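Undergrad: I have a structure here, written as C-alpha cells, and I will follow up with some questions on it.
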Amino acid sequence: MAVVFRYVDKSGDVIERFVGIQHVSDTTSNSLKEAIDTLFAREELSISMLRGQGYDGASNMKALVAVAKGNTDIATFFTSCNSLVNIVGASCKRRDILRDQLQKDVTEALEKDTFPTGRGLNQETCLKRPGDTRWNSHYGTLLSIISMFKSVVKVLKFIIDDGSTDNLGEANRSLREIQSFEFVFHLFFMRSILGATNDLSQALQRKDQDIENAMTLVKVCKDQLQHMRENAFEALLDQVSSFCAKHDILVPNMDDAYVAQWRSHRRAPIITHLHHYRVDIFIQIIEWQLAELNRHFSEVNTELLLCLTCLSPDDSFIAFDKQNLLRFAEFYPQDFNSRDLLALEDQLEIYITHMRTMTDFSQLKGIVIVLSLCGFGLIGKIEGCFVKAFGRMDAAYFLQGYYLYVYFCDGL
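Shown next, in the form of C-alpha cells:
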C-alpha cells in the first residue's frame with residue numbers, strides 16, 4: 001500500500017507528498033488501519049493530526065464472495081474453479097490447445113447456426129484467473145468457464161489421454177467435478193449472484209463515482225437479490241438442467257434423497273435434492289449477501305452518506321444542500337444544540353459563497369471541507385463529524401474510489 005499526503009500550504013497550493021510504502025496482508029479495513037498505524041509510528045507522525053482518509057485498491061466487493069464461501073459447498077466450488085483454471089492454463093501449449101479447440105467449437109456451432117454472432121462476440125480465448133481483472137474477477141472467471149465449457153472439457157480429456165503430465169490426477173478430478181450437476185448449479189448460481197453485484201462492485205471503485213448514484217446502485221442490488229430469492233429459483237433450475245442436457249451431464253431427480261459427499265452417510269440428515277439446492281444453497285447464500293449489504297449500508301449509514309454528497313466540488317458545488325447538512329448535524333446532538341443549528345445555517349451560507357469563488361478545488365473528486373484557522377467554529381464541528389462518520393462507518397470500506405479531503409486555510 002502506497003501512502004500519499006495531500007494538503008494545502010500557506011500559499012493556497014494543493015500539495016501531494018509521497019510518504020512511503022507499507023505491506024498489507026489483505027485489503028480489509030482492519031489490515032489497512034493497522035498498516036497506516038505502523039507507518040505513522042515508523043515515521044514518527046501523529047495519527048491525531050490526520051483529518052481524512054481515502055483508499056484506492058482492489059475490489060472489496062470480494063467481501064461478498066467471502067461471505068458466500070462460508071457455505072462449504074460454495075467454498076469447495078471456488079477451489080475447484082481455481083484448480084481448473086490452473087490446470088488448463090498451466091502452460092502455453094495448453095492455452096494454445098484451448099484456443100484451437102475453442103475455434104473448432106465456434107466454427108462447428110456457426111455451421112449449425114447455433115452460435116450467436118456479432119461485433120464483440122466470441123473473442124474470449126483463455127480462462128480468466130481470479131485476480132486478472134481489477135473488478136470482480138471471480139465473475140469474469142465464471143463467465144469464461146460457462147462460455148468455454150465444451151472446449152475446457154476437451155482440453156482436460158486431452159491432458160488425461162496424453163498421460164505425460166504431473167497434473168494427470170488433478171485433471172481427472174477436475175473433469176469429474178465439472179461434469180456434475182452440482183458444479184454446474186453452483187456455476188450458474190454464483191454467476192447470477194456476482195452478476196447482480198458486478199455493476200455495484202465496479203461503480204464503487206470509480207474515482208468519478210458520486211455517492212448518491214452509488215447508493216442508488218446499492219438499492220438496485222438489494223432489490224435484485226430479493227427478487228432472485230423470491231422468484232428466480234425455478235428459472236435457474238431450468239437453465240442448469242438445459243445446460244446439463246446439452247453437455248450430457250446427469251440431472252438428478254429433485255425428489256430423491258441428497259447426501260453430501262463430505263458428510264457421513266449415517267449422520268447426514270435425509271433431505272431431497274430440491275431442499276438442498278433451494279434452501280441450503282440458493283436461499284441461504286442470497287440471504288447472506290443481503291445481510292452483508294445491509295450491514296455495510298444500513299438506512300442510517302445511507303442517509304449519512306447522502307448528506308456527505310452535499311460537499312462534492314463537482315460543477316462548482318452544485319450538489320450543495322444546506323438543509324441536508326443541517327440534517328447531518330442533527331445526527332450529533334452532543335456537538336450541535338438548537339442554538340448551534342441556527343448559527344450553523346448562517347455560517348453555511350457564507351461558507352458556500354466563498355467556496356464557489358475558489359478555483360483550487362475545482363478539479364477534485366470527493367468530499368471537500370475547507371476550514372478557517374481563525375473562525376467559523378461550527379464549520380469545524382461539521383468537519384470533525386464528517387471525519388468520524390466517514391472513517392467509522394462500514395460503508396466507507398466499500399467506497400474505495402471516493403475521497404474525503406480536509407483543507408486548512410488562513411482565512412475565509
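Numbering (UniProt numbering), first residue to last: 1 to 412. The beta carbon of each residue, even a glycine, is placed where N, CA and C say it ideally should be. In this text the structure is predicted, and so the values were computed from the model without any measurement.
Based on Cα-Cα distance, which residue from ASN172, MET215, ILE160, PHE189 lies nearest to TYR139?
TA: Among ASN172, MET215, ILE160, PHE189, the Cα nearest to that of TYR139 belongs to PHE189.
Undergrad: Out of curiosity, what's the CA-to-CA distance linking ILE281 and GLU212?
TA: Cα to Cα, ILE281 sits roughly 33 Å from GLU212.
Undergrad: Can you check which of these residues, LEU326, LEU290, ARG295, is closest to LEU306 by C-alpha distance?
TA: Closest by alpha carbon: LEU326.
Undergrad: With a cut-off of 8 Å on the beta carbons, I'd call VAL24 and VAL3 a contact; round off their distance for me.
TA: Wrong, their Cβ atoms sit about 11 Å apart, outside the cutoff.
Undergrad: Around the C-beta of SER242, are 16 or more other C-beta atoms found within 10 angstroms, so that it is buried, or is it exposed?
TA: By the 10 Å Cβ count, SER242 comes out exposed.
Undergrad: Here's the rule: buried if 16 or more other CB atoms are within 10 angstroms of the residue's CB, otherwise exposed. What is ILE15?
TA: With fewer than 16 other Cβ atoms within 10 Å, it is exposed.
Undergrad: Among THR353, PHE149, GLU287, GLU299, which has the Cα closest to the Cα of ASP321?
TA: Checked all of THR353, PHE149, GLU287, GLU299; the closest Cα to ASP321 is THR353.
Undergrad: Compute the distance between the beta-carbons of PHE158 and LEU236, then report whether it is under 9 Å.
TA: In this structure, LEU236 does not lie closer than 9 Å to PHE158 by Cβ.
Undergrad: What separation, rounded to the nearest whole angstrom, lies between the Cα atoms of ASP162 and ASP255?
TA: Taking the straight line from one Cα to the other gives about 40 Å.
Undergrad: Rounded to the nearest angstrom, how far is the Cβ of MET228 from that of ILE286, given a contact under 8 Å?
TA: That pair is a contact at about 6 Å.
Undergrad: Considering only residues of the same chain and omitting the five flanking positions on each side of ASN324, which have a CB-CB separation below 6 Å?
TA: Here the set comprises CYS307, CYS310.
Undergrad: Pull up the distance between the alpha-carbon of ASP73 and that of ILE87, whole angstroms please.
TA: Those two C-alpha atoms are separated by around 21 Å.
Undergrad: Once DSSP output is grouped into helix, strand and coil, what is the label at ARG17?
TA: It is a strand residue.
Undergrad: Under a Cβ-count criterion, where at least 16 other Cβ atoms within 10 Å of its own Cβ denotes burial, should ALA66 be classed as buried or exposed?
TA: Exposed, by the Cβ-count rule.
Undergrad: Do you know whose CA, among LEU341, GLN224, ILE178, lies nearest GLY195's CA?
TA: Among LEU341, GLN224, ILE178, the Cα nearest to that of GLY195 belongs to GLN224.
Undergrad: Output needed for ALA68: all residues of its chain with C-beta closer than 6 Å, excluding positions within five of it in sequence on either side, in chain order.
TA: Within the same chain, ALA68 has close Cβ partners ILE74, ILE285.
Undergrad: By DSSP, does ILE249 sit in helix, in strand, or in coil?
TA: ILE249: coil per DSSP, three-state reduction.
Undergrad: Just to confirm the assignment, what range does the alpha helix (DSSP H) spanning GLU349 have?
TA: That run of the alpha helix (DSSP H) goes 338-355.
Undergrad: Quick check on the burial criterion: 16 or more other C-beta atoms within 10 angstroms. Buried or exposed for SER338?
TA: SER338 is exposed by the Cβ-count criterion.
Undergrad: Check for me: the alpha helix (DSSP H) holding HIS227 runs from which residue to which?
TA: Where HIS227 is concerned, the enclosing alpha helix (DSSP H) stretches over 211-231.
Undergrad: How big is the Cα-Cα spacing for LEU304 and TYR332?
TA: In a straight line, the C-alpha of LEU304 is about 11 Å away from that of TYR332.
Undergrad: Which one or two residues does DSSP pair with PHE158 in a beta bridge?
TA: None, per the DSSP bridge assignment.
Undergrad: Taking the alpha-carbon positions, what's the ALA245 to LEU156 distance?
TA: Approximately 20 Å, taken between the alpha carbons.
Undergrad: Closer than 8 Å by C-beta to ALA203: which residues in its own chain qualify, once you throw out the five before and the five after it? Chain order, please.
TA: Taken in chain order, the residues that qualify are GLN209, ASN213, ALA214, LEU217.
Undergrad: Which residues in the same chain as GLU349 place their Cβ atom closer than 8 Å to its Cβ, once the five residues preceding and following it in sequence are excluded?
TA: Only LYS322 meet the Cβ criterion.
Undergrad: Would you call the CB atoms of ILE249 and ALA257 closer than 9 Å?
TA: No, Cβ-Cβ distance for ILE249 and ALA257 is not below 9 Å.
Undergrad: With distances taken Cα to Cα, identify the nearest neighbour of MET148 among VAL85, ILE21, LEU168, ASP199.
TA: The shortest Cα separation from MET148 among VAL85, ILE21, LEU168, ASP199 belongs to VAL85.
Undergrad: Given a cut-off of 9 Å, decide if ILE178 and LEU168 are closer than it, judged by their beta-carbon atoms.
TA: Contact: no.
Undergrad: Under 9 Å, do ALA343 and ASP335 count as touching if we go by C-beta distance?
TA: Not closer than 9 Å, so no.
Undergrad: From this set, VAL251, PHE181, GLN289, which residue's C-alpha is nearest SER192's C-alpha?
TA: The shortest C-alpha separation from SER192 is found at GLN289.
Undergrad: Apart from the five residues on each side of it in sequence, which residues of its chain come closer than 7 Å, Cβ to Cβ, to LEU187?
TA: Excluding sequence neighbours, LEU187 sits near LEU142, ILE145, ILE146.
Undergrad: Use the C-beta contact count for ALA41: other C-beta atoms within 10 angstroms, 16 or more gives buried, fewer gives exposed.
TA: Exposed, because fewer than 16 other Cβ atoms sit within 10 Å of the Cβ of ALA41.
Undergrad: Please classify SER46 as buried or exposed, where buried requires at least 16 neighbouring CB atoms within 10 angstroms.
TA: SER46 should be labelled exposed.
Undergrad: To the nearest angstrom, how far is it from the Cα of CYS81 to the Cα of VAL240?
TA: Those two C-alpha atoms are separated by around 17 Å.
Undergrad: What do you get for ALA291, buried or exposed, if any count of 16 or more other CB atoms within 10 angstroms of its CB means buried?
TA: The residue in question, ALA291, is exposed, as its Cβ has fewer than 16 Cβ neighbours within 10 Å.
Undergrad: Which residues does DSSP pair with ILE283 in a beta bridge?
TA: Answer is none; ILE283 lacks a bridge partner.
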